[in-house]
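Reviewing the structure listed below.
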Amino acid sequence: MLIAGASFASGSILATLSYAEGLDWLAVMWWRFLIGAGLAWAWVLGSTRRRAVLRSMPRRQLAIALGLGAIYTGNAGTYYAGIETVPAALAGVLVYVYPVFVALLSLRFATRLPGRRPWIALALAIAGVVLALGGVDIGTTVPISGLLLILASAAIYSVWIVLSARLSGERQDRLGSEAPASDATARDAAVTTALMMAATAAVFGSLSLVAGRPLGPNAIPVGAWPFLVGIGLIATFLAIQTLYAGARRIGAAQAALVSTTEPLFIVAMSFVFLDQTLSPIQLAGAALIVVGVVIAQTAPRPAGAPQPATPLEAEG
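Taking the working numbering, the leading residue of the sequence shown gets 7, the next gets one more, and so forth.
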């Protein structure tokens, strides 16, 4: 999940650099998921075991994975459309209410956070997000439509994470990695995420055609290609693979909590690559995020709950 957080964070930096080359959000999203899906399918088809998993995947699970890819379009699309009018700092604060949504949804549909410590950690992490992304002048005029798009992104992402966890085998009484061996096809991160990314790419490609946007590589400025490839490789292929695989091992609610480290990575990368200075309030927020995640990860599992699978068992 930490790798996923750092990978997703890199997308914010690379997208900013892509916009500076003249691209808009729809072009970035189309190429992001086209490249990510291509890499994902190369990863699947290059392995005999993964090809076998793909062939044996039931049609229902295949359809659900494709549907989740379509849902992810809503999350990515609303966020990137929203930040055209909402300052990135404010958008980052708003979208990171999603761990709260996931924690609440998990009470009914996934593995809930046990005891009080994870909830305290969640509050600390959210407070840290606000501080880490704060201290920036966001201006005085923010369109309501932009704010609603960002909040919609958080809500859609929450639903996507919980549904993905359900597909991986997670239930109220078990993690995805503890699901019976009969659910192995649903729990294969490589195959499932390849299907998801292909569906997301297809939807963004269709939106581009409807909008009359050119889809060919000749429409992309030469200077934007390194950033697009980076977004496809790191912020899409690696990020989604590790997010799905991580949530299967620790549960959707816990995964969403650990994902609050993403703003910490964004702040650090902005300092390194965009020469943005870290303020004391941002450093304080980063510290709160780290403390919150440590508290959550050191909380004991509830008595009688199944123990996590070993790495070997988790891989089947």
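By construction, the Cβ of each residue, glycine as well, lies at the ideal position given by its N, Cα and C atoms.
Short Cβ contact (9 Å threshold) for residue 248 with residue 9: Yes.
Three-state secondary structure assigned by DSSP to residue 177: Shown here, residue 177 sits in a strand according to DSSP, grouped into three states.
Cβ-Cβ separation, residue 12 to residue 101 (assumed contact under 8 Å), whole Å: Between residue 101 and residue 12, the beta carbon gap of about 17 Å keeps them out of contact (Cβ cut-off 8 Å).
Buried versus exposed, by CB contacts within 10 Å (16 or more), residue 224: It counts as exposed.
Contact under 9 Å by Cβ, residue 211 with residue 38: No, the Cβ-Cβ distance between residue 211 and residue 38 is not below 9 Å.
Integer Cβ distance of residue 83 from residue 35, believed to fall under 8 Å: The Cβ separation is near 7 Å, so the contact holds.
Local Cβ density within 10 Å of residue 277, reported as buried at 16 or more and exposed below that: Flag for residue 277 reads exposed.
The region 124–139 / the region 61–74 touching (three or more Cβ pairs under 8 Å): The region 124–139 makes no contact with the region 61–74; the number of CB pairs closer than 8 Å stays below 3.
Three-state secondary structure (DSSP) of residue 102: Coil at residue 102, not helix or strand.
Cα-Cα separation, residue 256 to residue 263: Separation of residue 256 and residue 263 (C-alpha to C-alpha, rounded to the nearest whole angstrom) is 10 Å.
At least 3 beta-carbon pairs within less than 8 Å: the region 104–117 vs the region 43–60: With contact defined as three or more Cβ pairs closer than 8 Å, the region 104–117 and the region 43–60 are not in contact.
Spatial distance of residue 22 from residue 121 (CA atoms): For residue 22 and residue 121, the distance between alpha carbons rounds to 40 Å.
Cβ shell of residue 206 (< 6 Å), same chain only, five flanking positions each side left out: Taken in chain order, the residues that qualify are 39, 75, 78 and 79.
Euclidean distance between Cα positions of residue 70 and residue 173: Taking the straight line from one Cα to the other gives about 8 Å.
Delimiting residues of the alpha helix (DSSP H) encompassing residue 223: Neither: residue 223 is in no alpha helix (DSSP H) and is coded neither H nor E.
Rounded straight-line distance, which links the Cα of residue 216 to that of residue 7: When rounded, the distance between both Cα atoms is 35 Å.
Local conformation of residue 286 per DSSP, three classes: If DSSP states are grouped into helix, strand and coil, residue 286 belongs with the helices.
Straight-line Cα distance separating residue 28 from residue 91: Going by the C-alpha atoms only, they are around 17 Å apart.
CA nearest to the CA of residue 271, picked from 289, 32 and 252: Its Cα nearest to that of residue 271, the residue 289 stands out among 289, 32 and 252.
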